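In the numbering used here, the protein residues as written are 87 to 361.
Each residue gets a CB set at the ideal place from its N, CA and C atoms; glycine is no exception.
Note that this is a predicted model, so its numbers are computed, not measured.
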Amino acid sequence: MQKIAIQGVRGAFHEAAAKKYAGESIQLVECMTFRDLCKSLKSGQSDMAVMAIENTIAGSLSQNYGLINEYQLSIVGEVYLRIQMQLLALPGVELSAIKFIYSHPVALNQCNFFLDGLSGVQVYESKDTAESARMIREGNLTDTAAIAGETAAQLYSLDILKGNIETNKENYTRFLVLTNQSNQSVEGDKASISFELGHQPGTLADILTVFKKNRINLTNIQSMPLVGKPYEYRFHADLTWESKVDFEKAMESAGEFANSIILLGIYKRSNFNFQ
């Protein structure tokens with residue numbers, strides 16, 4: 087049974103993503119922060135980890151790109167998950183009785199339209215959606231609600247006061263599957279890389295042109311500041327291709343323009359769907 091680290095506790099969206107990737111027969115390693123998740127993987131406490139990396143409403147979790155580089159983790163897969171947010175409370179509690187709402191900051195951001203419509207309610211950030219739900223059950227809090235998923239409602243025996251409160255219903259999160267071992271899948275058709283560029287004019291355009299000439303599709307590109315080097319940046323990019331030869335040629339040519347380039351993993355791209 088694989089030990090898979092997740093950010094959060096049972097009932098979190100990370101658990102759903104882990105089971106979508108690896109099946110139901112897994113052993114969860116609960117981590118309250120993304121850094122704890124990385125430490126768990128690096129120390130061997132877990133065999134694999136599932137980490138949220140971008141959301142269609144909240145955008146990219148840029149700090150997680152930094153953690154992947156810092157802990158030198160490898161990407162072996164990805165999972166897309168439909169995210170539907172529910173407002174949860176103890177059975178019998180009505181919305182008018184709610185004075186406090188807790189959830190993970192990313193979840194709160196995804197529900198800002200609903201939250202802006204409430205009056206007299208204080209909203210607090212927590213470390214996890216499901217942990218917020220568990221807190222209500224364990225504390226028997228009759229004036230508090232949590233924003234979490236339907237699985238958390240079932241797991242902690244809470245009622246759904248308001249369903250599907252996410253601002254945009256096309257709400258999806260992409261999760262990366264990580265290991266502590268180098269990964270370059272022979273059958274992979276997607277790669278994640280990180281690279282540093284010099285300050286010469288046009289260096290970013292040069293490396294992007296290399297990918298274009300070799301028919302490489304950039305599905306995502308992010309810039310992250312380099313700690314200790316003001317106004318210098320490391321870029322993270324996700325690449326897809328139809329021919330592995332094209333990818334290999336592109337990587338060889340890209341190295342001519344980058345100060346450094348790291349291959350974080352080659353893996354099979356996940357089929358994005360609306361289920």
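Query: Label T230 either buried or exposed according to how many other C-beta atoms from any shown protein chain fall within 10 Å of its C-beta, with 16 as the threshold for buried.; Result: buried
Query: Since F297 and L325 should fall inside the 8 Å C-beta cutoff, what is the C-beta to C-beta distance between them, to a whole number of angstroms?; Result: 7 Å
Query: Please name the residue in R301, N300, F321, L304 whose C-alpha comes closest to that of M310.; Result: F321
Query: Does the count of Cβ pairs from the segment 244 to 259 and the segment 148 to 158 closer than 8 Å reach three?; Result: no
Query: So, are the CB atoms of Y258 and Y166 less than 7 Å apart?; Result: yes
Query: Could you check the C-alpha separation between Q170 and F186 for me, to the nearest Å?; Result: 20 Å
Query: Go ahead and label A291 buried or exposed: buried means 16 or more other beta carbons lie within 10 angstroms of its beta carbon, across all protein chains shown.; Result: exposed
Query: Indicate the three-state DSSP secondary structure (helix, strand or coil) for S146 in the structure shown.; Result: strand
Query: Who are the near neighbours of D214 in its chain, counting only those whose CB is closer than 8 Å to its CB and skipping five residues on each side?; Result: Q93, G94, V95, A98, M118, H190
Query: Hey, how far is the Cα of G178 from the Cα of Q240?; Result: 15 Å
Query: When the distance is taken between beta carbons, is G163 closer than 7 Å to Y353?; Result: yes
Query: Compute the Euclidean distance between the alpha carbons of S329 and M337, then round it to the nearest angstrom.; Result: 13 Å
Query: What separation, rounded to the nearest whole angstrom, lies between the Cα atoms of S356 and I112?; Result: 20 Å
Query: List the endpoints of the continuous beta strand (DSSP E) containing S280.; Result: 276 to 282
Query: If you drop the 5 nearest sequence neighbours on each side, which residues of the same chain put their C-beta closer than 6 Å to that of R301?; Result: D332
Query: Just the C-alpha distance for A104 and I90, rounded to the nearest angstrom, thanks.; Result: 7 Å
Query: Using the three-state DSSP reduction, which class does L227 fall into: helix, strand or coil?; Result: coil
Query: One question on the structure: do I143 and Q208 come within less than 7 Å of each other, judged by their Cβ atoms?; Result: no
Query: What residues are listed by DSSP as bridge partners for V192?; Result: BP columns for V192 are empty, so no partner.
Query: Taking DSSP as the reference, what is the three-state secondary structure of L159?; Result: coil
Query: Identify, in the order they occur along the chain, each residue of the same chain with its Cβ nearer than 6 Å to the Cβ of W327, setting aside the five sequence neighbours on each side.; Result: I302, F333
Query: Quick test of your reading: A344 and F281, contact by CB under 8 Å. State the CB separation rounded to the nearest angstrom.; Result: 4 Å
Query: In three-state terms, what does DSSP make of L201?; Result: helix
Query: Which whole-angstrom value is the C-beta distance of A340 and I347, which I expect to be below 8 Å?; Result: 6 Å
Query: Tell me the DSSP secondary structure of V296 in three-state form.; Result: helix
Query: Tell me, please, which residues DSSP counts as bridged to R39.; Result: It is not possible to answer for residue 39, since the shown part of the chain is limited to 87 through 361.
Query: Assign F360 to one of three DSSP states: helix, strand, or coil.; Result: For F360, the pLDDT reaches just 46, beneath the cut-off of 50, and the residue's location in the model is therefore unreliable, although a value from the coordinates is still provided. Coil at F360, not helix or strand.
Query: By the DSSP assignment, the beta strand (DSSP E) with V115 in it spans what residues?; Result: 112 to 117
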